[in-house]
Amino acid sequence: MPVLKTMFQLTGRGYAAATLNNASLLIIDAQNEYLEGPLALSGMPAATANIALLLEAARKAKRPVVHIRHLGTVGGLFDPQGERGAFIKGLEPQGDEVIIEKRMPNAFNDTGLQKALENLGPLDVIVCGFMSHSSVSTTVRAAKDYGFRCTLVEDACATRDLPTRDGIIPAVDVQRTEMAIMNDNFATLARTRDLI
526 MPVLKTMFQL TGRGYAAATL NNASLLIIDA QNEYLEGPLA LSGMPAATAN
576 IALLLEAARK AKRPVVHIRH LGTVGGLFDP QGERGAFIKG LEPQGDEVII
626 EKRMPNAFND TGLQKALENL GPLDVIVCGF MSHSSVSTTV RAAKDYGFRC
676 TLVEDACATR DLPTRDGIIP AVDVQRTEMA IMNDNFATLA RTRDLI
């Protein structure tokens, strides 16, 4: 059987994982909505603990941090006025860290994210957050279009079981597949321990 290669490898356009010495940290939708209820994600304790480690390391290194917050509807999912839409305890923004609010999965869509990242300086962005198959992957794809190099922290992301016509795709399979897709042509994958 032939050895498979990623699109990055085939085109020679791959790049090494960023470090917290040369990148901004982008945390996508670290909100209470994903802790319980209909959008509770698989693997949240480990993912949120890893995001906390990345956030602590970024702050210690005095690196730029950008927090994405999804805005839903009042009384509904991601209630902007309620606890479900609030940042997860321990992952809240501090000081002059940038907060970008969005209404679509793509955090660049009709927001100031592109300008904010450009103003912060580095083209390298370390990405983590939720959901792997939705806002995370959509934002990483868009980031490539804007010329940013994403390092996606696979153990600081999470997703959920997804329904299909004939059953369910378990979250572990959704996560594995989404990370493979991102690694093929959109981001360099890394683990938290390699970045802190």
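Following our numbering, the numbering of the sequence shown begins with 526 at its first residue and continues without gaps. All C-beta atoms, glycine included, are put in the ideal place defined by N, C-alpha and C.
What is the rounded straight-line gap between the Cα of N557 and the Cα of L687?
Mapped onto the sequence shown, residue 557 falls at position 32. Mapped onto the sequence shown, residue 687 falls at position 162. Cα to Cα, the separation comes out at about 20 Å.
Tell me the rounded alpha-carbon separation between G726 and R609.
The requested residue 726 does not occur in the structure, where the chain is confined to residues 526 to 721.
In this structure, does DSSP put Q556 in helix, strand or coil?
Locating residue 556 in the sequence shown gives position 31, where the first residue counts as 1. Here Q556 sits in strand by DSSP.
If you follow the alpha helix (DSSP H) that F533 is in, where does it begin and where does it stop?
In the sequence shown, counting from the first residue as 1, residue 533 sits at position 8. 532-536 is the extent of the alpha helix (DSSP H) around F533.
To the nearest angstrom, how far is the alpha carbon of N575 from that of L616?
Walking along the sequence shown from the start, residue 575 turns up at place 50. Walking along the sequence shown from the start, residue 616 turns up at place 91. Approximately 10 Å between the Cα atoms of the pair.
Please confirm if the segment 652-660 is in contact with the segment 673-690, defined as three or more CB-CB distances below 8 Å between the two stretches.
The segment 652-660 and the segment 673-690 touch, with no fewer than 3 CB-CB distances between them shorter than 8 Å.
Short Cβ contact (9 Å threshold) for T676 with L714
For the purposes of this step, residue 676 is taken as the residue at position 151 of the sequence shown. For the purposes of this step, residue 714 is taken as the residue at position 189 of the sequence shown. Taking 9 Å as the Cβ cut-off, T676 and L714 qualify as a contacting pair.
For D698, report the span of its beta strand (DSSP E) as first-last.
One-based indexing of the sequence shown puts residue 698 at position 173. Per DSSP, D698 belongs to no beta strand (DSSP E); it is in the alpha helix (DSSP H), 696-710.
Please work out which residues of its chain come closer than 7 Å, Cβ to Cβ, to N631, disregarding the five sequence neighbours upstream and downstream, and give them in chain order.
Residue numbering aside, residue 631 sits at position 106 when the sequence shown is read from its first letter. Cβ neighbours of N631 within its own chain (closer than 7 Å, five residues either side excluded): T663, T664, A667.
Using alpha carbons as the reference points, say which of I624, A582, C653 lies closest to H592.
Here residue 592 is taken as the residue at index 67 of the sequence shown, counted from 1. Checking every option, the nearest Cα to that of H592 belongs to I624.
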